[in-house]
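Trainee:
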Amino acid sequence: MISLAGRDIVHSWGKFVFTGIGLGLLIGVTLTMAGVYRGMVDDARTLLNNSGADLWVVQQGTLGPYAEASSLYDDEYRGILSMAGVEQAANVTYLTSQISQDGHDVRVMVVGIETSSHGAPGQPGFLLAGRHITRGHYEAVADIMTGFTIGDEVQIRRNTYQVVGLTKRMVSSGGDPMLFIPIKDAQEAQFLKDNDAIINQRRRTAANPAFNQPGVPGLLEAVIASQSVNPFVNAILVQIKPGYTAEEVAEPIRRWKRFQVYTRVQMETILIEKLIKTAAKQIAMFLVILAIVSAAIVAFIIYTLTIGKIREIAVLKLIGTKSRTIASMILQQAIGLGMIGFVVGKIAATFWAPIFPKYILLEPADTVTGFVLIMLICVLASLIAIHAALKVDPAEAIGG
Amino acid sequence: MADMHMGITIEGLRKRYGSGDTAVDALKGVDMQVSPGEVVGLVGPSGSGKSTLLKCLGAVIEPTAGRMTLGKNTIYDEQWKIPDLGALRRDNIGFVFQAPYLIPFLDVIDNVALILMLAGHSNAESRKRALELLEALDVAHRAKAMPSQLSGGEQQRVSIARALVNRPPVILADEPTAPLDSERALAVIKILNQMAKQYETAIIVVTHDEKIIPTFKRIYHIRDGRTEEEPGEGREI
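Sequences listed follow chains A and B, in order.
The numbering of the first sequence is this note's numbering, which starts it at 821 and goes up by one.
The numbering of the second sequence is this note's numbering, which starts it at 405 and goes up by one.
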């Protein structure tokens, strides 16, 4: 038996192909939306992986540096270093900033890292070009998504930094590319006030009799000096020694140092289930709407194509074609349309994903799930057309 | 169904649409008999019941009363006696319409062969038999063409081939010459006569066409739901 659906598709290939392309672009958008979510999850995991940390030590009662503001004294890491199971501990600061790059603004996450020893937690794991930061001040390593190249000068607040290295896939949980600078510079940048504010603060301190007592020389200068530096960091990243579990090392830090400590699993939960939860819901809503729109389009197209063939269907029924043959023809056409749409959508999503400003991750498992869903949608969408076709009276083929 | 090649016989066929005060009797007791190899005309004014009769004969609508016999087999006697009317139509009744109604996405040979394929014959065998008929009807050279590429006369010959391909005992032709000029209309009737004789098929031609009415040897006039038989001129074409 010949394939009636196949012959019809070949005969009206233009109609099917152009409809399939339209549907495919919609499917491409759907796959891309799924890719946006996957990209966000992957960004979060990459952020954790690239930090090189096993534990995140943060201010008590906070969710850590990525989800909430956290502030710790910058000398606390020394105490942590001395605790059992701790291999390395390093301060880190995070500051989201809008900086100028070649005449236009680029949003980056400025990360302050320890530069005294290579391989400390928080440092970029690998470089595409250039070298790591070796000086204590005014050098930077940038993710290539920032658009900077080796030798470029970057203005952050009042200081200028020279880009000495380039790295890749170092992004914040929000997808902003990272710019690494020495921790001391980052601490300064984080709380740096403008000159007017500094003068105003000094005047207020001098006017306060508690800080400017006539009988205590040097007190005012000491207070002002303490106000001029930022002794805080956002977190301490800890690497544990082989043979220890994360929880074994975390628990004494929580108990004796009175900090909040998150393991890798806990931090991943915070990022994925708390930080991007709303965004994931938003994307899920889009996916549901796009799926409904796709189903409506397939149903409308297949219904229209079927209604356009009522006379032929009446003739087919009159000459004894079984209902299941006619239903199968419509079903195959719907599936054919879905397959054309899926191929177009997959190709479109693959080509346009790299153009998006944020990372789009098209996972094979999502592609397979998408294919199954599209086929299911096509089957459901064809039911209306099949119902219409089966209602056709073969008598319509005979005049009168 | 075995031994259908005995023509078609209709006795006291009635068809009522609706019920109660609004009921309309479209057929009020039709009697007909068409033998194998015979082509008869069925003529009548609009609203006389021609189409209703054709639909009853074609097992498309169910009569209200009467009896229909195809060969030795009773297919209707106050109710359908055949459970699968689709199969009955596919295997025993050929249709030729006013417009050819060829399937636009199948080429000529597959339009003709489709009924055989639906009946379970292999594609190769179905196409072989279709090609034989197309040759007999002088359209074999258009076997690979699509219906839209054929002239009106060619399309009608292909639709005749489609009606004949499974060698049905009965062919119902509904105004088959309406869209054709005199020459082509007479050519179609000539073909139907040839095929009726060659394949022992009983053919009923519903028509208004004054050009072809004189060619029938027997004519059934239908008026107000009743048929009257009268001899035709049987003019040679």
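Cβ coordinates follow ideal geometry from the N, Cα and C atoms, glycine included.
Taking the beta carbon of A/G1158 as the centre, do at least 16 other beta carbons fall within 10 Å, making it buried, or is it exposed?
Mentor: Buried, by the Cβ-count rule.
Trainee: Is DSSP giving A/R1023 helix, strand or coil here?
Mentor: Looking at A/R1023 - three-state DSSP - the assignment turns out to be helix.
Trainee: What are the residues that DSSP puts in a beta bridge with A/A962?
Mentor: BP columns for A/A962 point to A/L986 and A/L999.
Trainee: My assumption, with CB atoms under 8 Å, is that A/I1197 sits in contact with A/A887. Please give the rounded CB distance.
Mentor: Incorrect: roughly 37 Å between the Cβ atoms, too far for contact.
Trainee: Check for me: the alpha helix (DSSP H) holding A/V1043 runs from which residue to which?
Mentor: Its alpha helix (DSSP H) spans residues L1039 to Q1047.
Trainee: So with Cβ pairs under 8 Å, would you call A/S1114 a contact of chain B?
Mentor: For A/S1114, the answer is no, since every Cβ of chain B falls outside 8 Å of its Cβ.
Trainee: Based on DSSP bridge pairs, tell me the residues matched to B/E635.
Mentor: Looking at the sequence itself, residue 635 of chain B is Pro, so the reference to Glu does not match. Looking at the DSSP assignment, B/P635 forms a beta bridge with B/R622.
Trainee: Would A/L875 and A/A1100 qualify as a contact pair, given that the criterion is a beta-carbon distance under 8 Å?
Mentor: Contact flag unset, no.
Trainee: Within 8 Å of any Cβ in chain B, is that where the Cβ of A/T839 sits?
Mentor: Chain B, which has no Cβ nearer than 8 Å to the Cβ of A/T839, makes this no.
Trainee: Determine, using beta carbons only, whether A/V1235 and A/M998 come nearer to each other than 8 Å.
Mentor: For chain A, the structure presents residues 821 to 1220; residue 1235 of chain A sits outside this window and is missing.
Trainee: Could you check how far apart the C-beta atoms of A/I1130 and A/E1216 are, in whole angstroms? I think they sit under 8 Å.
Mentor: A/I1130 to A/E1216, Cβ: 7 Å. Contact.
Trainee: Rounded to the nearest angstrom, what separates A/T882 and A/I841 at their Cα positions?
Mentor: A/T882 and A/I841: Cα-Cα distance of roughly 49 Å.
Trainee: Can you tell me the Cβ-Cβ gap for A/A1209 and A/T1098, rounded? I've got them flagged as a contact below 8 Å.
Mentor: The Cβ separation is near 45 Å, so there is no contact.
Trainee: Using beta-carbon positions only, say whether B/R533 and B/L520 come within less than 8 Å of one another.
Mentor: Yes, Cβ-Cβ distance for B/R533 and B/L520 is below 8 Å.
Trainee: Checking 8 Å against the spacing of the C-beta atoms, do B/S455 and A/I1218 come in under that value?
Mentor: Cβ distance < 8 Å, so B/S455 and A/I1218 count as in contact.
Trainee: Determine, using beta carbons only, whether A/G967 comes closer than 8 Å to chain B.
Mentor: So no, A/G967 is outside the interface.
Trainee: For the segment 1143-1180 of chain A, which segments carrying the alpha helix (DSSP H) assignment without a break, of at least 4 residues, lie completely within its bounds, in sequence order?
Mentor: Runs found: 1143-1172.
Trainee: Would you kindly report the start and end of the unbroken beta strand (DSSP E) that includes B/A469?
Mentor: Start and end: A469 to L474.
Trainee: Using CA atoms only, rank isn't needed, just tell me which of A/F946, A/S1048, A/V984 and A/D972 is closest to A/I953.
Mentor: Among A/F946, A/S1048, A/V984 and A/D972, the Cα nearest to that of A/I953 belongs to A/V984.
Trainee: Return helix, strand or coil for B/D511, following the three-state DSSP convention.
Mentor: The answer is coil: DSSP assigns B/D511 none of H, G, I, E or B.
Trainee: Going by alpha carbons, who is nearest to A/K1013 out of A/N911, A/S1048 and A/G923?
Mentor: Nearest of A/N911, A/S1048 and A/G923 to A/K1013, Cα basis: A/S1048.
Trainee: In or out: B/E632 buried (at least 16 other Cβ within 10 Å) or exposed?
Mentor: Its Cβ having fewer than 16 others within 10 Å, B/E632 is exposed.
Trainee: Measuring straight from C-alpha to C-alpha, what distance separates A/Q1228 and B/I486?
Mentor: Outside the modelled stretch of chain A, which goes from 821 to 1220, sits residue 1228 of chain A, for which no answer is possible.
Trainee: How about B/R627: is its C-beta nearer than 8 Å to some C-beta of chain A?
Mentor: No, its Cβ sits nowhere closer than 8 Å to a Cβ of chain A.
Trainee: On a Cα-Cα basis, can you pick out the residue from A/H1207, A/I1204, A/V1118 and A/G1128 that is closest to A/M1195?
Mentor: Ranking A/H1207, A/I1204, A/V1118 and A/G1128 by Cα distance to A/M1195 puts A/V1118 first.
Trainee: Could you name the residues of the segment 1140-1160 of chain A whose beta carbon sits closer than 9 Å to any beta carbon of chain B, in the order they occur along the chain?
Mentor: Taking 9 Å as the Cβ-Cβ cut-off against chain B, the residues of the segment 1140-1160 of chain A that qualify are G1140, T1141, K1142, S1143 and T1145.
Trainee: Return the first residue and the last residue of the beta strand (DSSP E) that B/H525 is part of.
Mentor: Premise fails: B/H525 is in no beta strand (DSSP E) and is neither H nor E.
Trainee: Measure the Cβ-Cβ separation of A/A960 and A/Q982 and say whether it is below 8 Å.
Mentor: Cβ distance < 8 Å, so A/A960 and A/Q982 count as in contact.
Trainee: Taking only beta-carbon atoms, is A/D863 less than 8 Å away from chain B?
Mentor: Cβ-Cβ to chain B under 8 Å: no for A/D863.
Trainee: What number of angstroms, rounded off, separates the C-alpha of A/D925 from the C-alpha of A/R951?
Mentor: Rounded to the nearest angstrom, the two C-alpha atoms are 25 Å apart.
Trainee: Using the beta-carbon count (16 or more within 10 Å), is A/Y914 buried or exposed?
Mentor: Buried: at least 16 other Cβ atoms inside 10 Å.
Trainee: My assumption, with CB atoms under 8 Å, is that B/P572 sits in contact with B/N496. Please give the rounded CB distance.
Mentor: B/P572 to B/N496, Cβ: 5 Å. Contact.
Trainee: Measuring alpha carbon to alpha carbon, tell me which of B/Y421, B/A600, B/D514 and B/A606 ends up nearest A/R827.
Mentor: Residue B/D514 is the option with its Cα nearest to A/R827.
Trainee: Which of the three DSSP states, helix, strand or coil, is assigned to A/R1131?
Mentor: Here A/R1131 sits in helix by DSSP.
Trainee: With a Cβ-Cβ cutoff of 8 Å, do B/G470 and B/I575 count as a contact?
Mentor: No.
Trainee: Within 10 Å of its beta-carbon, does B/Q553 have 16 or more other beta-carbons around it, so buried, or fewer, so exposed?
Mentor: B/Q553 should be labelled exposed.
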